[in-house]
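Sequential numbering of the sequence shown, starting at 13, is according to this note's numbering. Working notes, beginning with the structure itself.
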Amino acid sequence: MIVSLIVAMGEDRAIGANNDLLWKIKDDLRLFMKTTANHAVIHGRKSFESIGTPLRNRTNIIITRDESYSFPGCFVSNSIDESISMAKKLEQHDEIFILGGAQIYKLTLEDVDRMYISHVKGSFPKADAHFPEVNFDEWNLVNSRSYPQNEENEYAFDFCIYERKK
Ligand SMILES: NC(=O)c1ccc[n+]([C@@H]2O[C@H](COP(=O)([O-])OP(=O)(O)OC[C@H]3O[C@@H](n4cnc5c(N)ncnc54)[C@H](OP(=O)(O)O)[C@@H]3O)[C@@H](O)[C@H]2O)c1
Numbered sequence: 013m014i015v016s017l018i019v020a021m022g023e024d025r026a027i028g029a030n031n032d033l034l035w036k037i038k039d040d041l042r043l044f045m046k047t048t049a050n051h052a053v054i055h056g057r058k059s060f061e062s063i064g065t066p067l068r069n070r071t072n073i074i075i076t077r078d079e080s081y082s083f084p085g086c087f088v089s090n091s092i093d094e095s096i097s098m099a100k101k102l103e104q105h106d107e108i109f110i111l112g113g114a115q116i117y118k119l120t121l122e123d124v125d126r127m128y129i130s131h132v133k134g135s136f137p138k139a140d141a142h143f144p145e146v147n148f149d150e151w152n153l154v155n156s157r158s159y160p161q162n163e164e165n166e167y168a169f170d171f172c173i174y175e176r177k178k
């Protein structure tokens with residue numbers, strides 16, 4: 013079973029502000045939907061509430077410390093380890109996805125085998141959520157594709173897939 017994360021981050025590792033994204037980039041949204049479709053996905057409670065609804069055609073797991081938390085159509089877990097083992101049990105293929113946000117990426121980065129990163133070509137000083145620092149020496153870049161800024165993509169970005177070096 014592969015444990016993956018998927019994120020879009022600015023040049024300053026910015027990922028969000030005010031519990032929302034910092035950009036509207038349709039090609040990135042399409043890549044996110046295509047990559048995660050039909051897999052088990054893990055959301056931090058805040059990121060989940062920012063989306064507001066389970067993602068269709070995916071097994072949605074929310075991490076919260078609130079033991080009474082529930083949301084229709086979602087599984088709930090109270091710890092990172094439990095959420096990962098739950099996702100592995102529920103996954104129908106061979107790859108589970110950590111969807112963030114900042115707190116959850118920080119807690120899981122060491123457990124991840126693969127990262128799908130959209131490197132957004134911009135800096136976002138107003139961001140209040142950031143991806144943790146990554147030592148890219150520990151990762152192989154296995155695929156990369158550039159997308160231009162245009163009427164659908166507020167910013168240009170590179171969609172990169174990294175696998176942890178053995
Ligand atoms: N650009 C991207 O790709 C991307 C992706 C995802 C999110 N985001 C952005 O990231 C921001 C949200 O990130 P965030 O760091 O504020 O929140 P988050 O990581 O989405 O969620 C944090 C919540 O997770 C729960 N949690 C954290 N550690 C836990 C643990 N050890 N055990 C159990 N539960 C735990 C807590 O929920 P309770 O408070 O309920 O206990 C905590 O408040 C938003 O701006 C969002 O738009 C961006």
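Just so you know, even glycine gets a beta-carbon here, dropped at the ideal spot from N, CA and C.
Straight-line measurement puts the Cα of residue 56 at about 12 Å from the Cα of residue 87.
Fewer than three Cβ pairs drawn from the stretch 150 to 168 and the stretch 56 to 70 lie within less than 8 Å of each other, which leaves the two stretches out of contact. Shown here for residue 49: same chain residues with a beta carbon closer than 8 Å to its own, the five before and five after excluded, namely 69 and 70 in chain order. In this structure, residue 29 sits near residue 141, with a CB-CB distance shorter than 8 Å.
The Cβ atoms of residue 106 and residue 176 lie no closer than 8 Å to each other. Contact annotation: residue 133 and residue 23 have beta-carbon atoms nearer than 8 Å. In this structure, DSSP gives residue 159 an extended state, which the three-state scheme calls strand. Per DSSP, residue 176 is one residue of the beta strand (DSSP E) stretching across 169 to 176. The C-beta of residue 160 has fewer than 16 other C-beta atoms within 10 Å across all chains shown, which makes the residue exposed.
Counting the other CB atoms within 10 Å of its CB gives residue 148 a total below 16, which places it among the exposed residues. Contact between residue 72 and residue 53 holds: their C-beta atoms lie close to 6 Å from each other, under 8 Å. Per the coordinates, the alpha-carbon of residue 151 lies some 6 Å from the alpha-carbon of residue 174.
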